[in-house]
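Asker:
In my numbering, the protein residues as written are 17 to 168.
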């Protein structure tokens, strides 16, 4: 069943062209009391994080407008417990920027809707590769992410 695209989203799709995707910042850590090589990893719960942090429009030169969309992604390994705060054993987080050339000036509503529905699809392959390589470096269990995974 095809999903109906709003007018705002279609305007953004028609006027935004992907130019670049790159890593802005990252943080990865295994906590002091956690050794992934000696811990029973099957007992850990893996949680995912995904959010669009912000969007900004920049004047690239006299005639070109550039849109930057900041997407934060993360994975963490926790020990389930009855407390409200989980016992985080390890985490990997990354902030990516997806840059788009804007053909026509768009309303902020169009840009925001595009950021929520499309920008993460462009960032996702970079996150999958980054997460996989960081898991290997930290000796964490491999996390195989699907080609695309987003909540509606």
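Idealized CB from N, CA, C, for every residue including glycine.
Computed from a prediction, not measured in an experiment: that's the story for all the values here.
Run through DSSP, which three-state label would residue 29 get?
Answerer: When DSSP states are grouped into helix, strand and coil, residue 29 belongs to the helix group.
Asker: Going straight from the alpha carbon of residue 33 to that of residue 65, what length do you get?
Answerer: Cα-Cα distance, rounded: 26 angstroms.
Asker: Considering only the beta carbon of each residue, do residue 91 and residue 105 sit closer than 8 angstroms?
Answerer: It is not a contact, given that the beta carbons lie outside the stated cut-off.
Asker: Can you name the start and end residues of the alpha helix (DSSP H) that residue 139 belongs to?
Answerer: 136 to 154
Asker: According to DSSP, is residue 57 helix, strand or coil?
Answerer: helix
Asker: DSSP three-state call for residue 50: helix, strand or coil?
Answerer: coil
Asker: Let's test the definition: count the other Cβ atoms within 10 Å of the Cβ of residue 17 and tell me whether it reaches 16, buried, or not, exposed.
Answerer: Low per-residue confidence applies at residue 17: pLDDT is 47, beneath 50, and the placement is therefore not dependable enough to give any value.
Asker: Rounded to the nearest angstrom, how far is the Cβ of residue 3 from that of residue 130, given a contact under 8 angstroms?
Answerer: The chain is shown from 17 up to 168; residue 3 falls before or after that span and cannot be answered.
Asker: In the DSSP output, which residue or residues are listed as bridge partners for residue 133?
Answerer: Paired residues: none, contrary to the question.
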